[in-house]
Amino acid sequence: DAKTTQPTSMDCAEGRAANLPCNHSTISGNEYVYWYRQIHSQGPQYIIHGLKNNETNEMASLIITEDRKSSTLILPHATLRDTAVYYCIVRSGGSNYKLTFGKGTLLTVNP
Amino acid sequence: DTAVSQTPKYLVTQMGNDKSIKCEQNLGHDTMYWYKQDSKKFLKIMFSYNNKELIINETVPNRFSPKSPDKAHLNLHINSLELGDSAVYFCASSPQGGGEKLFFGSGTQLSVL
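Chains as they are written, first to last, in our numbering: chain A, 1175 to 1285; chain B, 26 to 138.
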């Protein structure tokens, strides 16, 4: 699976949009981009995933560049409860897959 | 109802002891996992079971033995505990072996003294 690069940490003001970048320049055609987050002392939580089209759900939006070498997770109106480590993961399809977590980005939402 | 539940939440024990962590999921998923998160917060897969069959074993010491009595349960038994086993262990499940979403439990913090 392709490696990802994320900033170590980011800050965001409460109520503003949080834009979390991820580089995955070695991504191949059949690899998906996944985002998970881990709030302190909790298990990781799935947020969203996509292949090449932009995706939106009740939690966030995922913007994938046309060359698929990078993506951005957008939390449209960040709240204090969105403070967490956000993981960008790239993985291929298939039945015996595994998710490989990197270091992620610590997003701190400030009041 | 908790989707993926682990017990106990905290486990403190002495070196050399044997302990078990239990995991149950009520989502009807076919695949279950154990992940380990060390003190540096790296989250690494240990095992994956699909319909009670082992499909992933990430070079984990054989002191760790997962057991899946049915597809809703995946327990982790650890023999001869060592200091380096101290970590948070997360159980997870997904609909199929290639399921898009993993659902994680809240973790078991294991401290070996």
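Don't be surprised by glycine CBs; every beta carbon is placed ideally from N, CA and C.
Own chain, CB closer than 7 Å to residue i, minus 5 neighbours either side, in chain order
i	result
B:THR32	LYS47
B:SER81	Per the sequence shown, the amino acid found at residue 81 of chain B is Ile instead of Ser. Only ILE70, PHE72, SER73 meet the Cβ criterion.
A:ALA1258	ARG1211, GLN1212, ILE1213, LEU1281
B:SER45	ASN100, LEU101, HIS102
B:GLY41	SER105, LEU106
Residue i: contacting residues in chain A (beta-carbon distance under 8 Å)
i	result
B:GLU130	Per the sequence presented here, residue 130 of chain B reads as Gly, with Glu not at that position. Simply GLY1217.
Nearest residue (CA-CA) to residue i, options the options
i	options	result
B:LYS34	A:ALA1187, A:GLY1217, A:CYS1262	A:GLY1217
A:MET1184	A:TYR1208, A:SER1244, A:SER1215, A:TYR1261	A:TYR1261
A:PHE1275	A:ALA1258, A:PRO1195, A:ALA1191, A:TYR1208	A:TYR1208
A:TYR1220	A:ILE1263, A:ASN1227, A:LYS1243, A:THR1279	A:ILE1263
B:PHE89	B:THR38, B:ASN100, B:LYS65	B:ASN100
B:GLY136	B:GLU78, B:ASP43, B:SER30, B:GLN121	Residue 136 of chain B is actually Ser in this sequence, not Gly. Minimum Cα distance to B:SER136 is reached at B:ASP43.
A:LEU1225	A:SER1245, A:LEU1254, A:ASN1193	A:SER1245
B:THR38	B:PRO120, B:GLU107, B:ALA97	B:GLU107
B:ASP95	B:CYS116, B:LYS77, B:LYS126, B:GLN50	B:LYS77
B:GLU49	B:ASP55, B:HIS98, B:LYS65	B:HIS98
B:LEU127	B:ASN51, B:THR56, B:THR27	B:THR56
A:ASP1241	A:ALA1187, A:GLY1189, A:ASN1193, A:ASN1197	A:ASN1197
A:THR1179	A:GLU1188, A:PRO1195, A:ARG1190	A:PRO1195
B:LEU52	B:GLN134, B:ASN87, B:PRO86, B:GLN121	B:GLN121
B:SER119	B:HIS54, B:LEU36, B:THR27	B:HIS54
Close Cβ partners of residue i (< 6 Å) along its chain, the five nearest in sequence each way excluded
i	result
A:ASP1256	LEU1249, VAL1283
A:LYS1243	SER1199
A:CYS1186	ALA1192, ALA1252, VAL1283
Chain-ordered neighbours of residue i on chain A, where CB pairs are closer than 9 Å
i	result
B:PHE115	GLY1217, PRO1218
Same chain, Cβ closer than 8 Å to residue i, neighbours up to 5 away in sequence not counted
i	result
A:ALA1234	TRP1209, ILE1221, ILE1222, LEU1247, ILE1248, LEU1249, PRO1250
A:THR1182	LYS1277, THR1279, LEU1280
B:PHE129	VAL29, TYR60, PHE115, CYS116, ALA117
A:TYR1206	HIS1223, GLY1224, LEU1225, VAL1264, ARG1265, SER1266, GLY1267
A:LEU1273	TYR1208, TYR1210, ILE1263, ARG1265
A:LYS1177	HIS1198, THR1200, VAL1264, GLY1276
Contact set between residue i and chain B, taken where Cβ atoms lie within less than 8 Å
i	result
A:LEU1273	ILE70, LEU127
Distance cut-off 7 Å: residue i Cβ against heavy atoms of the ligand GTP
i	result
A:THR1257	With respect to the ligand GTP, the structure shown offers nothing to examine, as it has no ligands at all.
Contact list for residue i against chain A, beta-carbon separation under 7 Å
i	result
B:SER73	LYS1272
Are the segment 93-111 of chain B and the segment 1200-1213 of chain A touching by the rule of at least three beta carbon pairs closer than 8 Å? no
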